[in-house]
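Q:
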Amino acid sequence: MAKKLTPGTPAPKSGQYKVPGSKTEVTAVKGKPLPPTPKAGQGYKIVDPTKHKPKGK
């Protein structure tokens, strides 16, 4: 089970992140901070990591 990531935490991977128990889903880029959640105390879990490989790899 993935740990809950708090808003402002840099995304460990690019992909779709969801707030468990809600319909809120965001697209995040690796290394960029996750946006604020609708309510205090909520966090994100990755639900669909990006599948492409970076150029040059």
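Count along the sequence shown from 1, add 103, and you get the number used in this note's numbering. Glycine residues also receive a C-beta, built at the ideal position from the N, C-alpha and C atoms.
Put PRO138 into one of helix, strand or coil per three-state DSSP.
A: Shown here, PRO138 sits in coil according to DSSP, grouped into three states, outside any helix or strand.
Q: With a threshold of 16 other CB atoms inside 10 Å of the CB of ALA143, please say whether the residue is buried or exposed.
A: Around the beta-carbon of ALA143, fewer than 16 other beta-carbon atoms lie within 10 Å, marking it exposed.
Q: Leaving out five residues on either side along the sequence, give the residues of the same chain with a beta carbon under 6 Å from the beta carbon of GLY118.
A: ILE149, ASP151, PRO152, THR153
Q: Just tell me which of PRO113, TYR147, HIS155 has its CA closest to the CA of VAL129.
A: Selected option, being the one with the closest Cα: TYR147.
Q: Could you check whether LYS121 and THR127 sit closer than 9 Å to each other, using their CB atoms as the reference points?
A: Less than 9 Å divides the Cβ of THR127 from the Cβ of LYS121.
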